[in-house]
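Position one of the sequence shown corresponds to residue 1 (the working numbering), numbered consecutively onward. Read the structure below first, then the notes.
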Amino acid sequence: MRSYTFTHAISRLPGRSITGGLRAVDTGAPDLDRFIAHHAAYVAALRSTGAEVRVLDALEAFPDAVFVEDTALCLPEGAIVMHPGAPTRLGEAAEMRPVLEEFYADVRQVEAPATIEGGDILVTEREILVGTSARTSEAGIAELARLVADWGYKVRTVNTPEGVLHFKTDCSLLDEETMLATRRLAASGCFDGYRVIHVADGEEAAANTIRFNDLVLMPAGFPATRDALLKAGYDVREIGNSEAAKLDGGMSCLSLRFSPVR
Ligand code: CIR
Numbered sequence: 001m002r003s004y005t006f007t008h009a010i011s012r013l014p015g016r017s018i019t020g021g022l023r024a025v026d027t028g029a030p031d032l033d034r035f036i037a038h039h040a041a042y043v044a045a046l047r048s049t050g051a052e053v054r055v056l057d058a059l060e061a062f063p064d065a066v067f068v069e070d071t072a073l074c075l076p077e078g079a080i081v082m083h084p085g086a087p088t089r090l091g092e093a094a095e096m097r098p099v100l101e102e103f104y105a106d107v108r109q110v111e112a113p114a115t116i117e118g119g120d121i122l123v124t125e126r127e128i129l130v131g132t133s134a135r136t137s138e139a140g141i142a143e144l145a146r147l148v149a150d151w152g153y154k155v156r157t158v159n160t161p162e163g164v165l166h167f168k169t170d171c172s173l174l175d176e177e178t179m180l181a182t183r184r185l186a187a188s189g190c191f192d193g194y195r196v197i198h199v200a201d202g203e204e205a206a207a208n209t210i211r212f213n214d215l216v217l218m219p220a221g222f223p224a225t226r227d228a229l230l231k232a233g234y235d236v237r238e239i240g241n242s243e244a245a246k247l248d249g250g251m252s253c254l255s256l257r258f259s260p261v262r
């Protein structure tokens, strides 16, 4: 299943500059040591599935660089370097390009003025869903659709709920037919034709999980949603996310997940 089985991942260590990371609401500065500990647990969980995980050095010039997902979309056929909608994050995508070129012969680029960030892109077994958001424009989605067309992918535009950073802030893929989603997002009908497990009321921040090979990694602290996932038969690993959450980050943001075909 190409949408959740992966041979590789890329992540990046958080640096001292994370205290300056973007956030919708300031709930205090993230603690670097705690962030590093959570990050190590996250990488260990990815590696425990047998995947090769490249951990890049911190990039102090870019406070949000730990959230590598937003810099690229990695498909088996090639990688697309994003053009982030947050101006302070533009340089992160440029930094990621040479890393992707180590894994892929075909690396493509979304060009300005189109903007798009990886957090708005959900790859399922049958299509690529992209949410419009403050970071991802209609032009960005059109550009992505053009760039992946010859690889045979269908791109469908969906809406990210008002006030939600990215589409995947509110949803994740659990398997070829199942999504985990907040009620506010699922109510839009974007998952019609899929099975949806709703996060528990009051646990909306649990929606950003990742299915990575046999595991579902989810942020710790959301017991009702965890129990629903366990009951549905998923092998769940809870990972501390308190520091990333202060910067509106979750499980998906912390890695690029892929199986390159050379
Ligand atoms: C930002 O606002 O861009 C970062 N503080 C958080 C990015 C989270 N990334 C993601 O959801 N894919």
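The beta-carbon is built from N, C-alpha and C at its ideal position, and this holds for glycine as well. Quick caveat, the model's predicted, so the values are computed rather than measured.
If I measure Cβ to Cβ from residue i and keep anything under 8 Å in the same chain, skipping five residues before and after, which residues do I get?
i, result
"Arg34", "Gly240, Ser242 and Glu243"
"Arg54", "His8, Ala9, Ile10, Ser11 and Val99"
"Asp170", "Thr160, Pro161, Val164, Ala181, Thr182, Arg184, Leu185, Glu204, Ala207 and Asn208"
"Ser188", "Val158, Asn159 and Pro161"
"His38", "Ile239, Gly240, Asn241, Ser242, Glu243 and Ala244"
"Val261", "Pro76 and Glu77"
Taking 6 Å as the limit between beta carbons, can you name the residues of its chain near residue i, skipping five residues before and five after?
i, result
"Ser255", "Ala9 and Ser11"
"Arg237", "Ala45, Leu215 and Leu217"
"Glu143", "Val110 and Ala114"
"His198", "Arg183"
"Leu56", "Arg12"
"Trp151", "Glu77"
"Thr178", "Arg195"
"Arg97", "Val81"
Mapping the DSSP letters down to three states, classify residue i as helix, strand or coil.
i, result
"Ser242", "helix"
"Leu173", "strand"
"His166", "coil"
"Glu138", "helix"
"Glu52", "strand"
"Arg2", "coil"
"Gly91", "helix"
"Phe212", "strand"
"Arg16", "helix"
"Ser188", "coil"
"Asp235", "strand"
"Arg126", "coil"
"Thr225", "helix"
"Ala71", "Just to set this straight, residue 71 is Thr in the shown sequence, not Ala. Three-state result, Thr71: helix."
"Met96", "helix"
"Gly119", "helix"
"Ser252", "helix"
Under a CB-based cut-off of 9 Å, is residue i close to chain C?
i, result
"Gly202", "As a matter of chain content, chain C is missing from the structure shown, which is built from one protein chain."
Cβ atoms of residue j and residue i: under 9 Å apart, would you say?
i, j, result
"His166", "Gly119", "yes"
"Val66", "Leu100", "no"
"Val155", "Leu75", "no"
"Gly163", "Thr115", "no"
"Phe222", "Leu46", "no"
"Ser259", "Phe6", "yes"
"Leu247", "Arg16", "no"
"Thr19", "Pro87", "no"
"Ala112", "Ala93", "no"
Give every residue of the same chain whose Cβ lies closer than 7 Å to the Cβ of residue i, excluding the five residues on either side of it in the sequence, and list them in chain order.
i, result
"Ser3", "Val123, Thr124, Glu125, Leu173 and Glu176"
"Ala224", "Ala200 and Glu203"
"Arg226", "Met218, Val236 and Glu238"
"Glu117", "Asp70, Met82, Pro84, Gly85, Arg135, Thr136 and His166"
"Glu95", "Leu59"
"Ala232", "Ile197"
"Leu32", "Pro14, Arg16 and Ile18"
"Gly28", "Lys246"
"Thr49", "Phe212, Asn213, Asp214 and Leu215"
"Glu52", "Thr7 and His8"
With a cut-off of 8 Å on the beta carbons, I'd call residue i and residue j a contact; round off their distance for me.
i, j, result
"Gly21", "Ala61", "That belief does not hold up - the Cβ atoms of Gly21 and Ala61 are roughly 13 Å apart, past 8 Å."
"Asn159", "Gly131", "6 Å"
"Arg89", "Asp106", "Not confirmed; about 24 Å, so no contact."
"Pro219", "Ala206", "6 Å"
"Ala79", "Tyr104", "5 Å"
"Ile128", "Tyr153", "5 Å"
- Query: Can you pull every residue whose C-beta falls closer than 7 Å to some heavy atom of the ligand CIR, listed in chain order?
  - Reply: Answer in sequence order: Gly21, Leu22, Arg23, Asp64, Phe67, Glu69, Asp70, Ala86, Arg89, Glu117, Gly118, Gly119, Leu165, His166, Lys168, Thr169, Asn208, Leu247, Asp248, Gly249, Gly250, Ser252 and Cys253.
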